[in-house]
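Numbering (our numbering), first residue to last: 34 to 313.
Built from N, CA and C at the ideal position, the CB exists for glycine as well.
And the structure:
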């Protein structure tokens with residue numbers, strides 16, 4: 034990370050933090066993941082239930098399912114998670130569509146397209162899935178060639194000690210963000226989280242997505258055995274997708290709390306301003 038400019042009066046130093054390749058891949062991912070999420074929920078709505086194994090049908094036991102039921106003349110939306118049942122009328126299972134209560138897994142404002150159309154949802158999902166994969170391959174190649182992973186994301190031995198990790202957790206809980214030299218680099222929790230997402234969560238989501246494709250099964254039938262069947266792969270795919278959503282929510286929250294303008298500028302222009310001194 035090269036120093037671009039230092040202002041002694043403001044106590045700030047401008048550094049070049051994100052390369053062009055990182056910035057471009059980040060924003061392509063933002064677009065691809067957004068469309069993948071909303072189109073994926075459209076696909077899920079065609080049969081809003083998750084199973085384990087090769088097959089799944091209405092009468093098979095499910096891990097998670099959503100439905101609309103008639104309860105003494107009143108229609109309710111129910112969400113089942115294992116043995117637990119929750120009344121989610123208006124959001125999950127039953128939601129308002131054009132002024133009418135309609136049986137839907139996820140509401141129309143969370144799906145692409147908003148109306149029920151499995152074919153359109155699948156086309157959007159498959160197209161942006163390949164955008165996501167190709168963009169990921171470009172980013173991964175760049176990370177290896179430029180040593181971005183080793184230089185910026187690989188934690189040192191000292192950073193992995195219990196004392197250091199505990200200190201990082203406490204600082205995050207207290208919203209104490211790095212300043213000065215510490216702000217030039219990702220902290221340990223950021224490094225571990227990014228590595229988990231890049232090398233575990235995303236590959237798992239891609240692999241389970243490919244496992245659900247009958248065409249790809251002909252090329253790599255062993256994937257079905259690896260994940261225990263197409264329905265198991267669908268369940269894992271769903272759970273990894275929502276794990277990614279949880280990561281994005283926390284990531285955006287940290288961006289806002291630590292300085293939304295500074296963080297956005299760094300991901301658009303590459304330039305990031307750090308303040309002198311210790312943690313805030």
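Which of the three DSSP states is assigned to residue i in this structure?
i           : result
residue 129 : strand
residue 313 : Annotation note: pLDDT 49 at residue 313 (below 50); position unreliable, coordinate value reported separately. The answer is coil: DSSP assigns residue 313 none of H, G, I, E or B.
residue 112 : strand
residue 291 : coil
residue 209 : coil
residue 264 : helix
residue 93  : coil
residue 228 : helix
Per DSSP, which residues does residue i bridge with? Please list them.
i           : result
residue 201 : Answer is none; residue 201 lacks a bridge partner.
residue 223 : The partner list for residue 223 (beta bridge, DSSP) is empty, contrary to what the question assumes.
residue 117 : 114
residue 137 : 126
residue 99  : 112
If you follow the beta strand (DSSP E) that residue i is in, where does it begin and where does it stop?
i           : result
residue 242 : It is not in any beta strand (DSSP E) - residue 242 instead sits in the alpha helix (DSSP H) that spans 235-244.
residue 194 : Run containing residue 194: none; DSSP gives neither H nor E here.
residue 47  : 45-49
residue 216 : That residue, residue 216, is in no beta strand (DSSP E); it is neither H nor E in DSSP.
Whole angstroms are fine: how far does the CA of residue j sit from the CA of residue i?
i           : j           : result
residue 124 : residue 110 : 8 Å
residue 107 : residue 133 : 14 Å
residue 303 : residue 164 : 23 Å
residue 90  : residue 61  : 36 Å
residue 313 : residue 246 : Low confidence applies to residue 313: its pLDDT is 49, below 50, so where it sits in the model is not reliable, and the reading given next is rough at best. In a straight line, the C-alpha of residue 313 is about 49 Å away from that of residue 246.
residue 59  : residue 301 : 10 Å
residue 280 : residue 248 : 31 Å
residue 172 : residue 72  : 24 Å
residue 212 : residue 201 : 14 Å
residue 120 : residue 81  : 15 Å
residue 104 : residue 271 : 29 Å
residue 45  : residue 215 : 13 Å
Which same chain residues, not among the five before or five after residue i, have their C-beta less than 6 Å away from its C-beta?
i           : result
residue 130 : 141
residue 97  : 83 and 114
By the DSSP assignment, the alpha helix (DSSP H) with residue i in it spans what residues?
i           : result
residue 175 : 151-178
residue 71  : 53-78
Got a sec? Which residues, its chain only, sit under 7 Å from residue i by beta carbon, not counting five neighbours each side?
i           : result
residue 220 : 201 and 211
residue 122 : 109 and 110
What residues in its chain sit with their C-beta under 8 Å from that of residue i, if we drop five residues either side in the sequence?
i          : result
residue 77 : 138, 139 and 271
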